[in-house]
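**Q** Protein chains in written order, with our numbering: chain Z, 1 to 501; chain D, 1 to 501. Cβ atoms here follow ideal geometry from the backbone N, Cα and C, with glycine treated the same way. Fair warning: this is a prediction, and the values are worked out from it, not measured in the lab. Quick one: the structure is below, and I'll ask about it shortly.
2 protein chains.
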Amino acid sequence: MFEIKDVDLAGRIGLLHTRSGTIETPAFFPVIDPLRQELPIEEIERAGFKQVITNAYLTLKRFGRRAVEEGIHGVLGFHGIIMTDSGAYQILEYGDIEASQEDVIRFQESIGSDIGVILDIPTGDVGREEARRSVEETLRRAREAASLISGSRTLWVLPVQGGRHLDLVEYSASESGRLEGYSIYGIGSPTVFLERYMYEVVVDIVYTAKRLLPGGRPVHLFGAGHPLIIPYAVALGVDTFDSASYILYARDGRYITDYGVERLDRLEYFPCTCPVCSRYTPGELREMEKQERTKLLALHNLYKIRESIYKTKQYIREGRLWELLEETSMKHHKARDAMTRLTRYAIHLARTDTRSKGIVRGIRLYTQTSLSNPKVLAYKSRATRLYTKIYTRPRYTLILEPHTGDCTKPSENVEVVYYKPFLGVIPWQLCGVYPTVQSHHSGELEKEVIEDLAGEVRSFLSTLGPEKPGEVIMVIDNSIPWSVEVSKLLGELDVKIVRRM
Amino acid sequence: MFEIKDVDLAGRIGLLHTRSGTIETPAFFPVIDPLRQELPIEEIERAGFKQVITNAYLTLKRFGRRAVEEGIHGVLGFHGIIMTDSGAYQILEYGDIEASQEDVIRFQESIGSDIGVILDIPTGDVGREEARRSVEETLRRAREAASLISGSRTLWVLPVQGGRHLDLVEYSASESGRLEGYSIYGIGSPTVFLERYMYEVVVDIVYTAKRLLPGGRPVHLFGAGHPLIIPYAVALGVDTFDSASYILYARDGRYITDYGVERLDRLEYFPCTCPVCSRYTPGELREMEKQERTKLLALHNLYKIRESIYKTKQYIREGRLWELLEETSMKHHKARDAMTRLTRYAIHLARTDTRSKGIVRGIRLYTQTSLSNPKVLAYKSRATRLYTKIYTRPRYTLILEPHTGDCTKPSENVEVVYYKPFLGVIPWQLCGVYPTVQSHHSGELEKEVIEDLAGEVRSFLSTLGPEKPGEVIMVIDNSIPWSVEVSKLLGELDVKIVRRM
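Structure, rendered in C-alpha cells:
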C-alpha cells in the first residue's frame, strides 16, 4: 500500500497505492468544495495535482443518493485520487447529531472514496481537559470504527489528536499505532497554529506523533497549505497534506509567496513565473472582475504549493533536505523558529537517514544551524568512534590544517588528523571519505562555528589520555582568520602551535 | 535620461529613456547572437524582456552594409531596446586591427543602437601591471571617444576596469566619473569571478566603483546572469545586467535554479513552475532532441533571471532588500560570502537609503547578519543621538522589557527606555515609531544577538555619566531566555535587576 523510494532526514519519497491509482508522496491534496468550486477541477489537474480532498458530510448533505450512484469521482468529474474528510468539523459546527460515525464511514465507502477519514474530534487550541476528551473520544471512535472498515477498499485515516499538549499527542499516537485496519495516520488540526504562524508548535506536535507511529505507514497533516511549513513537515516525516488555503486566500485577494502571504494590493511585481504570473501583472489582476481574479490567484497559489512540494522532493533526492530547511528559515522569522525547534531533534532525524542516495551532493554549510545538519552530526560521531578507538598515545600527533592534506599516515610514530569547520577533527583514515571533501563552507565563520571547532579539537586531545600524550603539533594558517581564532581558543592547552604565514 | 523612482540600500528602481523607448530598471539584457540564435527573439520578448544586447563587431562582420540599411532592429527583428557591445573581446581574441575605435563607435551609431559601448580593454583576472594597462588604455580611449559620441542619440557606456585591484578600480571610476558625454557606466568583466563563484570579489569591485561614480547615472554590470548575484549587485547600485549564461548553460544541458546551476541529468523534479517547468518533467526534456531541449532550457533559464529581477524590485518597493540578501545568503555558501562581505559596507548603504516607501513593511530579523540591516543601524544611531542628548541623570531610570510598554513617560523624575533584540535601547520617545514596533524577530536568538543587546544597554548606561546616575532598574522576564541571558551579561554593572516570573 505504501512503498518508500527514498529517504532524507525523516522525510521520504513514497508511492501510495489507492483503488483509483498511485500517488507519489510528498503530495498535496487541494480541498475541493463540492458545492462551489471557483477554480474548475480540470485546471487543478492541469496544474499537476492528481489528487484532491473533499468533504464527505457536505457531499452527503447536497447530493444524497446521487453521490452514491455516480460515485464521488462522477460528482466531481475527476478521475484522479479522491480523499474525503469525514466533515467532523462541520458536524460539530452545525451540531448535526443525525450523522453517526457508521453513517459517515459507510457513506465515504459507498461513494468510492479512495481515502477516507473517520469521524474524529479535532482538538484545536484548547485547555488540557478538553484536549484529553478529544483524544479519548477520537480513540474510542477509532476502536469502534475498526470493525466497520475492516476489508474496506478505501484507505482509512486515523487522526492523532492532542493539540499542543504533547503528552496527550504521545498517548494518542501510541494508542493509535496499536489499532488494526488503518492505512494512514493523520495529524489533527494544526491549522489553528499554522494560521498564527506558530510553526514551532507544529514541529513539536508532528515530531512527537511521528516518533510513536509505525514508520512504514504514511502520515497526513491536515490543513497545512503554505510553502513555509511544507519542508519542515516533510523533514519530520509527513507524507501528505491538504488545505483550502489556496482558494481562501484567493477570495480574500491574497497571494502566496515563498516568504509569506501577501495582499495583491501591495504587489507591484510578481516574484514568480508560474503560468499566471508570467502572463499578467499585479495591476492587470487588480483590474479584473473578482471572479476571474479569484480564479487566477487560486491557480497561482496552487502553483506555489506545487513548487514547494517539488523542490522538497528534489532536495530529498539530493540528500540536501537540511539545507532546504536552512534556506527556508531565512524567508520568514517564524520559519526560523521552526528551524530552531527542529534543531533540537536533529540527532534523531540523523538516525532515520540511512539510505544511500541516487544523487550524492556536497553539503553546504552556512551558519550555526549547519552544525546540526544530521549529516554533520553523523560524520562527527563516526569520527569520534574511530579516533577514540585508534589513537593510543603515539609519539607525535600532527593536527593539520585542511589544505595541507595528502591523506596519508606519514610514519609509525606519527598520527595525523585534519581539522575542518563544522566537521571538526578528521582522522587521516576518513580523509577523502564523504563528506570530508564534499562539504563546502563559507569563508567567514560565526563565533559559534569557530568555538565548535575548537571544542572538537579539545575533545580529540582529551582522547589522547591524561598522561603525557606524546608531542602534539597543530598547524595554523595565518592567512585564514578562523584558523587563527581556533588557535587562540586552544591557547592554554598542551599543544605546540606552528603558524604558516 | 535616467529617473529614479524608488530606492532601498543603494539599489533603485529607475526609468532609463532611450531612443527606442523606456526600460524600467533593474533590467536584464539577454545576449543575442546575431548569427545563431537558438531561442527565437520573439520568445525572449514574450518571456518579458523588452531589451536585448548583441555584439556590434559580429554584426558588422556578418551583415556589413545591410545592418546599416535595415538598422540593428531590422536585422534582429526586434522593436524593443537594443544595446550593442563593442565586441572588444572578439577584437582582442581575433586580433582584428582593422576595426578602430572610431569605426566601432560610428558603426554602432549607424545601425541605430539604443545603447552602445566604447572599445574598452576588459581587465579580467590578471596581475597588477596588466590591469593598470587595461585601465589606462580604456581611459585613453574613453577620452578619445568623448568627441566622437558628443551629440549622439545612442546612449554610451563607459566601462570601469581594474579587476580585483581595488585601487585601480577606484582610479578608473573616479577618472571615468569626470568624463563628459557618457550616460551609463559599466563595470567591466566580473564574469571571470562570477564563473568561479567568487562573489565577494564582485561585491568589492562593484562597491568600490559605485562609491566614486556619479550617483544619478545608471550602472551596468557586464556578464552577470545568475539569480544568486543579482540581488547583491542591485543592493550595491547596479541598474542593468547582461549575460549569455541562459543559452550557454542550456547548450550544456544546465538548468538555473535559485540556489545554483544544476545539470538537467541530476533533476528528477523541477523546483520551478515557469511555463516550461509547469508543462514538462525533467525526464521529458531529457528525451527531446537537443535543439528543442536547448531552447526550452534557455527559456527556463531566462524565466529564473526574470524572477530574480522582479523579486528584487518587489523587495525594493517594500523596503526589505536587506532581507532578500539574507534569504539569498542561505541558498549557496558562496552567496553567504557575498553577504558577509557586503555587511562590511552596510553602514554606507544605510546612508543612501533616504526615501520614504510607497509600501512600508515590518523588518524581519533573523541572525547576526540582521544586526547589520541598514534599517537597524539607522534606527540605532537615531536612538543613540536622542538619548545622548536627553538623558541627564534622572532620579530613576527604568529599563523595561519589550512587552510592558505603554510608551509613556511616567513622571518628572523617572526616565524610561525599552530594550529589544537587534534594535537595542528604545527611548520612550521613539517607542511606537518605525521600526520599533514593526520589527519582528525569531524567538530564540544567537549569542551574538544577545551580546549585542547587552552591549547596547551598556552603552546606554554609560551615557548616564560616570557620577552616580540615580537608580537604574531593569526588568527582566524570566520566561524569555534571551532576557535572562542579557541580565547575566549585565550582572556586574550598577543596575538593579527586577525579575518577572
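1) Closer than 9 Å, CB to CB, is residue 440 of chain Z near chain D or not?
2) Confirm, please, whether the CB-CB distance from residue 474 of chain Z to residue 334 of chain Z is below 9 Å.
3) Between residue 1 of chain D and residue 52 of chain D, what straight-line distance do the alpha-carbon atoms span, to the nearest angstrom?
4) Is residue 294 of chain Z helix, strand or coil when you go by DSSP?
5) Quick one: is residue 367 of chain Z near chain D, going by C-beta distance under 9 Å?
6) Cβ of residue 297 of chain D versus every heavy atom of the ligand SAM: is any distance shorter than 8 Å?
7) For residue 259 of chain D, which of Z:498, Z:432 and Z:324 has the nearest alpha-carbon?
8) Would you mind working out which of D:49, D:338 and D:110 sits nearest residue 75 of chain D, comparing C-alpha positions?
9) Can you list, in chain order, the residues of its chain whose CB lies under 7 Å from that of residue 152 of chain D, leaving out five sequence neighbours each side?
10) Let me see if you follow: with CB-CB separation under 9 Å, is residue 420 of chain D close to chain Z or not?
11) Over what stretch of residues does the alpha helix (DSSP H) that includes residue 193 of chain D continue unbroken?
12) With DSSP collapsed to three states, give me the class of residue 154 of chain D.
13) For a contact defined as C-beta to C-beta under 7 Å, what are the partners of residue 331 of chain Z on chain D?
14) Please list the terminal residues of the continuous alpha helix (DSSP H) segment that includes residue 491 of chain D.
15) With a CB to CB cut of under 7 Å and the five nearest residues on each side skipped, what residues in its chain are close to residue 39 of chain D?
16) Taking the straight line between their C-alpha atoms, what separation do you get for residue 412 of chain D and residue 482 of chain D?
17) In chain C, which residues lie less than 7 Å from residue 271 of chain Z when you measure between Cβ atoms?
18) Is it the case that the Cβ atoms of residue 81 of chain D and residue 50 of chain D are separated by a distance below 9 Å?
19) Report yes if the C-beta distance between residue 428 of chain Z and residue 419 of chain Z is below 9 Å; otherwise report no.
20) So, with DSSP's three-state summary, where would you put residue 451 of chain Z?
21) Helix, strand or coil for residue 5 of chain Z per DSSP?
22) Between residue 273 of chain Z and residue 307 of chain D, is the Cβ-Cβ spacing less than 9 Å?
23) Taking the DSSP output, what are the residues bridged to residue 301 of chain Z?
24) By Cβ distance below 6 Å, which residues in the same chain neighbour residue 172 of chain D in space, the five residues on each side in sequence not counted?
25) By how many angstroms is the C-alpha of residue 189 of chain Z removed from the C-alpha of residue 222 of chain Z?
26) Residue 439 of chain Z lies in the beta strand (DSSP E); which residues open and close that run?
27) Quick check: is the beta carbon of residue 354 of chain D nearer than 9 Å to any beta carbon in chain Z?
28) If you draw a straight line from the alpha carbon of residue 127 of chain Z to that of residue 121 of chain Z, how long is it in whole angstroms?
29) Along chain Z, in chain order, which residues have C-beta atoms closer than 8 Å to that of residue 337 of chain D?
30) Taking the alpha-carbon positions, what's the residue 14 of chain D to residue 20 of chain D distance?
31) Could you check whether the stretch 385-401 of chain Z touches the stretch 366-373 of chain Z, counting it as contact only if at least three pairs of C-beta atoms, one from each stretch, sit closer than 8 Å?
32) Going by CA-CA distance only, name the one from Z:182, Z:28 and Z:456 that's closest to residue 241 of chain Z.
33) Taking DSSP as the reference, what is the three-state secondary structure of residue 426 of chain D?
34) Could you tell me the distance, in whole angstroms, from the CA atom of residue 485 of chain Z to the CA atom of residue 320 of chain Z?
35) Give the straight-line distance between the Cα atoms of residue 239 of chain Z and residue 25 of chain Z, rounded to the nearest whole angstrom.
36) Interface residues of chain D around residue 448 of chain Z at Cβ under 9 Å?
**A** On the basis of the coordinates in this document:
1) Here residue 440 of chain Z corresponds to residue number 440 of the first sequence, with the count starting at 1. For residue 440 of chain Z, the answer is yes, since a Cβ of chain D falls inside 9 Å of its Cβ.
2) Taking the first residue of the first sequence as 1, we reach residue 334 of chain Z at position 334. Taking the first residue of the first sequence as 1, we reach residue 474 of chain Z at position 474. Their beta carbons are not under 9 Å apart, which means residue 334 of chain Z does not touch residue 474 of chain Z by this criterion.
3) Looking up residue 1 of chain D in the second sequence gives position 1. Looking up residue 52 of chain D in the second sequence gives position 52. Roughly 18 Å separates the two Cα atoms.
4) Position 294 of the first sequence, counted from the first residue, corresponds to residue 294 of chain Z. Reduced to three states, the DSSP call for residue 294 of chain Z is helix.
5) Your numbering for residue 367 of chain Z matches position 367 in the first sequence. With 9 Å as the cut-off, residue 367 of chain Z counts as an interface residue toward chain D.
6) Among the ligands in the structure shown, none appear at all, so the ligand SAM cannot be discussed.
7) Reading the second sequence from its first residue, position 259 is the one you call residue 259 of chain D. Nearest option by C-alpha distance: Z:324.
8) Position 75 of the second sequence, counted from the first residue, corresponds to residue 75 of chain D. Selected option, being the one with the closest Cα: D:110.
9) Translated into the one-based positions of the second sequence, residue 152 of chain D becomes position 152. These residues qualify, in order along the chain: 109.
10) Translated into positions along the second sequence, residue 420 of chain D becomes position 420. No, residue 420 of chain D lies away from the interface with chain Z (no Cβ there is under 9 Å from its Cβ).
11) Sequence index remark: in the second sequence, residue 193 of chain D carries index 193 (1-based). Counting along the chain, the alpha helix (DSSP H) containing residue 193 of chain D begins and ends at 191-195.
12) Along the second sequence, read from residue 1 onward, the residue named residue 154 of chain D stands at position 154. It is coil, neither helix nor strand.
13) What you label residue 331 of chain Z is simply residue 331 of the first sequence in a count that begins at 1. Simply 327.
14) Taking the second sequence and counting its residues from 1, the one referred to as residue 491 of chain D is at position 491. Here residue 491 of chain D belongs to no alpha helix (DSSP H), and DSSP marks it neither H nor E.
15) Working through the second sequence from its first residue, we reach residue 39 of chain D at position 39. Cβ within range, chain order: 247, 295, 298 and 299.
16) Taking the first residue of the second sequence as position 1, residue 412 of chain D is located at position 412. Taking the first residue of the second sequence as position 1, residue 482 of chain D is located at position 482. The alpha-carbon atoms of residue 412 of chain D and residue 482 of chain D are separated by roughly 31 Å.
17) Looking at the structure shown, chain C is missing, and the protein chains on hand are Z and D.
18) In the second sequence, the residue the question calls residue 81 of chain D occupies position 81. In the second sequence, the residue the question calls residue 50 of chain D occupies position 50. For residue 81 of chain D and residue 50 of chain D, yes; Cβs fall inside 9 Å.
19) Along the first sequence, read from residue 1 onward, the residue named residue 428 of chain Z stands at position 428. Along the first sequence, read from residue 1 onward, the residue named residue 419 of chain Z stands at position 419. No.
20) On the first sequence, position 451 is the one that residue 451 of chain Z refers to. Three-state result, residue 451 of chain Z: helix.
21) The count along the first sequence starts at 1 and reaches residue 5 of chain Z at position 5. Looking at residue 5 of chain Z - three-state DSSP - the assignment turns out to be strand.
22) Looking up residue 273 of chain Z in the first sequence gives position 273. Looking up residue 307 of chain D in the second sequence gives position 307. Their beta carbons are under 9 Å apart, which means residue 273 of chain Z touches residue 307 of chain D by this criterion.
23) By 1-based counting over the first sequence, the position of residue 301 of chain Z is 301. Answer is none; residue 301 of chain Z lacks a bridge partner.
24) For the purposes of this step, residue 172 of chain D is identified with residue 172 of the second sequence, where counting begins at 1. For residue 172 of chain D, where only same-chain residues beyond five positions count, the Cβ hits under 6 Å are 135, 160, 161 and 162.
25) Counted from its first residue, the first sequence places residue 222 of chain Z at position 222. Counted from its first residue, the first sequence places residue 189 of chain Z at position 189. Each residue's alpha carbon lies about 6 Å from the other.
26) Counting from 1 along the first sequence, the entry for residue 439 of chain Z is found at position 439. Residue 439 of chain Z -> beta strand (DSSP E) spans 439-441.
27) Taking the first residue of the second sequence as 1, we reach residue 354 of chain D at position 354. Note on residue 354 of chain D: pLDDT 48, under 50, position unreliable in the model; the coordinate value appears next. No - not a single Cβ of chain Z is within 9 Å of the one on residue 354 of chain D.
28) Sequence index remark: in the first sequence, residue 127 of chain Z carries index 127 (1-based). Sequence index remark: in the first sequence, residue 121 of chain Z carries index 121 (1-based). Spanning the two alpha carbons is a distance of roughly 14 Å.
29) Within the second sequence, residue 337 of chain D is the residue found at index 337, counting from 1. Simply 442, 443 and 444.
30) Numbered from 1 along the second sequence, position 14 holds the residue referred to as residue 14 of chain D. Numbered from 1 along the second sequence, position 20 holds the residue referred to as residue 20 of chain D. Distance between the alpha carbons of residue 14 of chain D and residue 20 of chain D is about 17 Å.
31) no
32) In the first sequence, counting from the first residue as 1, residue 241 of chain Z sits at position 241. Ranking the options by Cα distance to residue 241 of chain Z, first place goes to Z:28.
33) Counted from its first residue, the second sequence places residue 426 of chain D at position 426. It is a strand residue.
34) The residue given as residue 485 of chain Z occupies position 485 in the first sequence. The residue given as residue 320 of chain Z occupies position 320 in the first sequence. For residue 485 of chain Z and residue 320 of chain Z, the distance between alpha carbons rounds to 29 Å.
35) In the first sequence, counting from the first residue as 1, residue 239 of chain Z sits at position 239. In the first sequence, counting from the first residue as 1, residue 25 of chain Z sits at position 25. Cα-Cα distance, rounded: 6 Å.
36) Indexing the first sequence from 1 puts residue 448 of chain Z at position 448. What residue 448 of chain Z touches in chain D: 446, 447 and 448.
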